[in-house]
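*Asks:* Take a look at this one; I'll ask things after.
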Amino acid sequence: MAMTHRVNRSFLLVLAFVQCGFLEANNSRARAQIGAMIQHVQVFQQDGRFAAWPANGGISAWGNEILVGFVEASYAETTSLHTYDPKTARHKYARSLDGGLNWSIEDAYAAGQTARAYDHFIEDNIASIAKPLTVPMNFMHPEFVLSLVRLNNNHDGPSIFYHSNDKGKSWKGPFSFPNLGTPGVATRNDFLVEGDKELMAFLTVAKNNQREGRVANVRTTDGGLTWKMLGWIGLEPEGFDIMPSTERISANEILTVFRTRQGNTLDLMTAHFSSDNGLSWTRIQDPVADTGHGGSPPTLVRLKDGRLALG
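Now the structure itself:
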């Protein structure tokens with residue numbers, strides 16, 4: 002699980018990972034054993050710089066090679082929750098070739114993510130404008146990676162995307178992403194590859210009042226040239242449902258977990274289950290009843306033995 006820590010007016014991006022995940026954390030001995038296996042590795046730290054939000058940038062892996070998206074900016078005292086200067090914010094990537102022990106930092110703009118976007122401040126005279134995709138993507142390419150990006154805000158977006166066939170070393174795009182009849186798509190990265198031209202994406206979408214958000218799932222069967230709305234996952238909330246993390250359980254079973262806010266007071270994680278490959282959903286027991294002030298996005302991972310881990 003990736004997270005940020007404030008350190009002396011800078012922010013430290015830290016990756017924490019468990020070397021093996023076969024213990025159940027339902028007793029003190031098991032928790033102690035799991036704690037002993039957790040290793041914290043510094044991914045990025047620079048005095049006077051802010052680094053955050055790998056949950057927005059997404060994490061991809063190819064064996065021991067890991068790519069993590071995040072935002073880097075100048076540190077700034079503010080009255081808001083986040084202490085950074087948005088006009089200095091740029092999308093960055095951290096790459097590890099040894100399973101997360103060592104990291105190098107790459108600039109997203111230099112790699113081809115050239116549109117001005119939320120927390121990716123590009124001057125107008127050099128910013129690219131998104132266009133429709135005309136050549137279908139191959140989701141089964143062994144080095145494929147997709148990046149969905151919000152343009153203006155966390156509420157109604159809109160959204161664009163880039164794709165890469167070399168593990169994010171270079172990006173094609175920007176390409177426009179449709180709103181699909183919704184109040185606006187302001188999504189992060191959550192999707193399931195279903196074939197070389199088929200992909201199901203789980204989107205954070207504005208509510209009817211243009212505020213974030215609720216979750217919808219959509220599908221493309223032609224490599225991203227067109228997208229079809231499958232439906233809403235859950236009713237429109239009073240607060241928000243955002244930032245889903247999804248895993249396939251079987252050919253027809255899917256589990257997705259949201260960052261949820263009920264009203265303006267309670268932050269938690271909620272879960273929804275589909276037994277018909279994403280056509281309909283049932284809310285099940287909340288996996289985390291309270292995630293503290295401000296909340297936390299989920300990270301749902303399916304382990305090699307088939308069990309699920311939630312961070």
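Residues in the sequence shown are numbered from 2 upward in steps of one, following the numbering used here. Every residue, glycine too, gets a C-beta built ideally from N, C-alpha and C. For clarity, every value in this text was computed on a predicted model and none was experimentally measured.
CB P143 to CB A187, shorter than 9 Å?
*Replies:* For P143 and A187, no; Cβs fall outside 9 Å.
*Asks:* Are G225 and F259 touching if we call contact CB-CB under 9 Å?
*Replies:* No, the Cβ-Cβ distance between G225 and F259 is not below 9 Å.
*Asks:* Between E195 and F45, what straight-line distance do the alpha-carbon atoms span, to the nearest angstrom?
*Replies:* Straight-line Cα distance between these residues: approximately 34 Å.
*Asks:* Is there contact here, the stretch 297–308 with the stretch 240–258, by at least three beta-carbon pairs under 8 Å?
*Replies:* Yes, the stretch 297–308 touches the stretch 240–258.
*Asks:* Residue range of the alpha helix (DSSP H) that P55 falls in?
*Replies:* Element bounds for P55: 55–58.
*Asks:* How many angstroms separate the CA atom of N265 from the CA atom of D191?
*Replies:* Each residue's Cα considered, the two are about 25 Å apart.
*Asks:* Looking only at its own chain, which residues have a Cβ that is under 7 Å from the Cβ of T222, when we skip the five neighbours before and after it?
*Replies:* Contacts found: K198, E199.
*Asks:* Under the three-state reduction of DSSP, which class applies to T271: helix, strand or coil?
*Replies:* Correct three-state label for T271: strand.
*Asks:* Here's a check: name, in chain order, each residue in its chain whose Cβ is nearer than 7 Å to the Cβ of F179, leaving out the five neighbours to either side.
*Replies:* Checking the displayed sequence, the identity of residue 179 turns out to be Pro instead of Phe. Within the same chain, P179 has close Cβ partners W228.
*Asks:* Three or more C-beta pairs closer than 8 Å, one from the stretch 76–90 and one from the stretch 152–167: is that the case here?
*Replies:* Output reads no: the stretch 152–167 does not touch the stretch 76–90.
*Asks:* Along the chain, where does the beta strand (DSSP E) that runs through A74 open and close?
*Replies:* Looking at the DSSP string, the run of the beta strand (DSSP E) that includes A74 is 66–75.
*Asks:* Going by DSSP, which residues form a beta bridge with G232?
*Replies:* N218, per the DSSP bridge assignment.
*Asks:* Assign L231 to one of two classes, buried (16 or more other C-beta atoms within 10 Å of its C-beta) or exposed (fewer than that).
*Replies:* Per the 10 Å Cβ criterion, buried.
*Asks:* Can you list, in chain order, the residues of its chain whose CB lies under 6 Å from that of I285, leaving out five sequence neighbours each side?
*Replies:* Around I285: A272, F274.
*Asks:* Between D125 and the ligand HEM, is the CB less than 8 Å from at least one heavy atom?
*Replies:* With respect to the ligand HEM, the structure shown offers nothing to examine, as it has no ligands at all.
*Asks:* Tell whether a beta-carbon distance below 9 Å holds between V69 and A90.
*Replies:* The answer is no: Cβ separation not under 9 Å.
*Asks:* For the beta strand (DSSP E) containing L82, name the first residue and the last one.
*Replies:* First-last for L82: undefined, no H or E at that position.
*Asks:* What is the rounded straight-line gap between the Cα of A33 and the Cα of Q40?
*Replies:* Cα-Cα distance, rounded: 13 Å.
*Asks:* Report the rounded CA-to-CA distance for E213 versus K170, giving the unit in angstroms.
*Replies:* Rounded to the nearest angstrom, the two C-alpha atoms are 32 Å apart.
*Asks:* Where P175 and Y119 are concerned, what is the direct C-alpha to C-alpha distance, given to the nearest angstrom?
*Replies:* Each residue's alpha carbon lies about 14 Å from the other.
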